[in-house]
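Peer 1:
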Amino acid sequence: MTAHDSPVVAGSLFAERLSRGIRDRGLPLQRIKAKLQEDGLAVSVATLSYWSSGRSRPTRRTSRPIVQKLEEVLQLEPGYLVDAMPGADRMAALERIAPEELIRVAFDELGIARNPTWETLAGHQIVKVGSDRAEKGVENRDLSRATVTGQQKWALVLADCAGPIVCEETTACRLARQVDLTPDITIFEFMLDRPLEQGESVLTTQRLSYHGNGDPLFRQRYAVTENMDRLVLEVLFEDELPRKFYRTFAEDGSEEEQIVSRPVYSGLDCLQVVIDKPAPGVHGITWEW
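Mapped onto our numbering, the consecutive letters of the sequence shown carry residue numbers 154 to 442.
1) Three-state secondary structure (DSSP) at S172?
2) Taking the alpha-carbon positions, what's the A187 to R400 distance?
3) Check whether the Cβ atoms of D346 and L389 sit closer than 8 Å, and answer yes or no.
4) When DSSP builds the beta bridges, which residues end up paired with P369?
5) Please state whether the Cβ-Cβ distance between D405 and P369 is less than 8 Å.
6) Using the Cα positions of V301 and L361, report the straight-line distance between them to the nearest angstrom.
7) Could you tell me if S354 is buried or exposed, where buried requires 16 or more neighbouring beta carbons within 10 angstroms of its beta carbon?
8) At least one CB of chain D closer than 8 Å to the CB of L370: is that the case?
9) Sort out for me which residues DSSP pairs W271 with in a bridge.
10) Can the beta-carbon of R298 be found closer than 8 Å to that of E272?
11) So what does A312 bridge to, in DSSP terms?
12) Among residues of its own chain, excluding the 5 on either side of I438, which ones have a beta-carbon nearer than 8 Å to its beta-carbon?
13) Please work out which residues of its chain come closer than 6 Å, Cβ to Cβ, to E322, disregarding the five sequence neighbours upstream and downstream, and give them in chain order.
14) At the level of alpha carbons, what is the spacing between L349 and G303?
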């Protein structure tokens with residue numbers, strides 16, 4: 154069974170049909186985006202490009218009206234694209250699988266290494282919150298060191314996504330592929346510009362943005378699975394700061410979250426936590442509006 158034929162990773166029929174429709178119609182993606190916006194349907198050029206190349210798929214509930222409008226814009230038969238979308242029955246079945254198991258199976262089918270042969274020395278995650286209190290994007294900066302020669306790829310998993318998400322920019326690496334497992338879980342696989350030598354270190358950056366109207370965000374989470382020297386969590390607010398905020402931590406393998414007594418730094422437009430030698434588990438900042 155190939156990744157494209159598997160029950161977890163959907164096939165490329167939608168990408169094939171969309172790319173053919175765009176090619177036959179001869180419209181640039183910017184023009185297609187503008188026509189969608191005329192009907193109040195927000196989608197980025199990057200998302201359209203990813204859909205047509207198969208790097209991501211329209212799995213979210215909000216994607217269906219966009220795909221239906223694409224059929225009209227590209228002068229395709231009604232249902233030509235919609236019928237190739239990941240089916241509702243498939244998505245419902247996937248959502249009944251525990252997220253951890255779903256991600257594990259997807260990693261196996263996609264051939265993604267769950268434990269890259271390098272160590273993360275430091276991590277800095279920046280979450281951006283808009284004036285509507287919804288998440289607008291996230292930026293990850295990681296300082297890593299190779300423990301063997303040849304390491305080049307790794308994966309980033311985002312859960313509870315606030316709408317369609319796109320990789321906008323990277324430094325010292327590039328996006329190899331994006332897989333939207335469910336409406337709430339997306340896997341990004343990144344590749345360094347070249348393989349690392351043993352003992353060599355590299356600082357990488359990935360900037361991701363959300364396209365859509367998400368619910369108000371009230372927390373930031375970062376999972377630590379290995380020894381790190383330092384972890385920095387930061388939240389940037391476009392408008393006002395929340396009225397209350399605190400640190401949280403859940404031990405590795407535990408779902409019980411504890412409030413950490415150490416304070417959260419608050420600036421004019423940001424919250425920050427700097428953690429030296431973070432313990433394995435899920436570290437976070439929670440706030441109340």
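Beta carbons are placed, not taken as given, at the ideal position from N, Cα and C, and that holds for glycine.
Peer 2: Inspection of the coordinates gives the following:
1) Residue mapping note: residue 172 aligns to position 19 of the sequence shown, counting from 1. The answer is helix: DSSP assigns S172 an H, G or I state.
2) The sequence position of residue 187 within the sequence shown is 34, counting from 1. The sequence position of residue 400 within the sequence shown is 247, counting from 1. Answer to the nearest angstrom: the Cα atoms are 42 Å apart.
3) Here residue 346 corresponds to residue number 193 of the sequence shown, with the count starting at 1. Here residue 389 corresponds to residue number 236 of the sequence shown, with the count starting at 1. Contact flag unset, no.
4) Numbered from 1 along the sequence shown, position 216 holds the residue referred to as residue 369. Its beta-bridge partners are A287.
5) Position 252 of the sequence shown, counted from the first residue, corresponds to residue 405. Position 216 of the sequence shown, counted from the first residue, corresponds to residue 369. Cβ distance not < 8 Å, so D405 and P369 don't count as in contact.
6) Within the sequence shown, numbered from 1, the residue matching residue 301 stands at position 148. Within the sequence shown, numbered from 1, the residue matching residue 361 stands at position 208. Taking the straight line from one Cα to the other gives about 29 Å.
7) Position 201 of the sequence shown, counted from the first residue, corresponds to residue 354. With fewer than 16 Cβ atoms within 10 Å of its Cβ, S354 is classed as exposed.
8) This model lacks chain D altogether, as it is built from one protein chain only.
9) The residue given as residue 271 occupies position 118 in the sequence shown. Its beta-bridge partners are A299.
10) On the sequence shown, position 145 is the one that residue 298 refers to. On the sequence shown, position 119 is the one that residue 272 refers to. Yes, the pair counts as a contact, with Cβ atoms nearer than the cut-off.
11) Mapped onto the sequence shown, residue 312 falls at position 159. The partner list for A312 (beta bridge, DSSP) reads I338.
12) The residue you call residue 438 lines up with position 285 of the sequence shown. So the list reads R372, Q373, L386, V388, F398, Y399, R400, T401, V417, L424 and V426, once near-sequence residues are dropped.
13) Here residue 322 refers to the residue found at position 169 of the sequence shown. Only R360 meet the Cβ criterion.
14) Sequence index remark: in the sequence shown, residue 349 carries index 196 (1-based). Sequence index remark: in the sequence shown, residue 303 carries index 150 (1-based). Approximately 5 Å between the Cα atoms of the pair.
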